[in-house]
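Chemist: In full-length UniProt numbering, the protein residues as written are 1 to 114. For each residue, glycine too, the CB sits at the ideal point set by N, CA and C. Treat the numbers as computed from the prediction; the structure is a model and nothing was measured.
1) When the Cα atoms are used, what is the spatial distance from residue 78 to residue 71?
2) If we call anything under 8 Å between Cβ atoms a contact, is residue 40 one with residue 102?
3) Count the other CB atoms within 10 Å of the CB of residue 55; is the residue buried (16 or more) or exposed (fewer)?
4) Go ahead and label residue 64 buried or exposed: buried means 16 or more other beta carbons lie within 10 angstroms of its beta carbon, across all protein chains shown.
5) Thinking residue 92 and residue 50 are a contact (beta carbons under 8 Å), I'd like their distance in whole angstroms, please.
6) If I follow the unbroken alpha helix (DSSP H) through residue 4, where does it start and stop?
7) How about residue 21 and residue 88: are their beta carbons less than 8 Å apart?
8) Residue 101 by DSSP, collapsed to three states: which one?
9) Is it true that the CB of residue 43 sits closer than 8 Å to the CB of residue 94?
10) Kindly list the residues whose CB is nearer than 8 Å to the CB of residue 15, restricted to its own chain and excluding five residues on each side of it in sequence; keep chain order.
11) When we look at the beta-carbon of residue 33 and count the other beta-carbons within 10 Å, is it buried (16 or more) or exposed?
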């Protein structure tokens, strides 16, 4: 598979996971897709989920439950930024190692369908 095809596939998966998420203007899904090289589909879903929660976590950090409940919705429903994705990627490791991929490719060459 070509690198461009893989980046496009990851970008489509990002867009699918983010269809109901408000994105900041600085988010470049193509750039984020390139950063996700080697991440599985489940890993990408986890990155999206984590990035989507980051702005809210920052806003409510240090607040009491009562203070959190009294916040207007617009103060916790903030758009996801490019930095949120970078932090989520750094926090979320790849679940499949390069060694696992080599083993899989070898198995497919030996036993997989043509």
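Modeler: Reading off the structure:
1) For the purposes of this step, residue 78 is identified with residue 78 of the chain shown, where counting begins at 1. For the purposes of this step, residue 71 is identified with residue 71 of the chain shown, where counting begins at 1. Those two C-alpha atoms are separated by around 12 Å.
2) As a first step, residue 40 must be located in the chain shown, where it is residue number 40. As a first step, residue 102 must be located in the chain shown, where it is residue number 102. Not in contact: residue 40 and residue 102 (Cβ atoms no closer than 8 Å).
3) To locate residue 55, count along the chain shown from 1; it is residue 55. It counts as buried.
4) Here residue 64 refers to the residue found at position 64 when the chain shown is read from its first residue. Its Cβ having fewer than 16 others within 10 Å, residue 64 is exposed.
5) Counting from one through the chain shown, the residue named residue 92 turns up at place 92. Counting from one through the chain shown, the residue named residue 50 turns up at place 50. 6 Å between Cβ atoms; contact.
6) Mapped onto the chain shown, residue 4 falls at position 4. First-last of the alpha helix (DSSP H) with residue 4: 3 to 17.
7) Numbered from 1 along the chain shown, position 21 holds the residue referred to as residue 21. Numbered from 1 along the chain shown, position 88 holds the residue referred to as residue 88. No.
8) Locating residue 101 in the chain shown gives position 101, counting from the first residue. In the structure shown, residue 101 sits in a helix (DSSP, three-state: H, G or I).
9) By 1-based counting over the chain shown, the position of residue 94 is 94. By 1-based counting over the chain shown, the position of residue 43 is 43. Yes, Cβ-Cβ distance for residue 94 and residue 43 is below 8 Å.
10) Locating residue 15 in the chain shown gives position 15, counting from the first residue. Only 29 meet the Cβ criterion.
11) Counting from one through the chain shown, the residue named residue 33 turns up at place 33. Buried.
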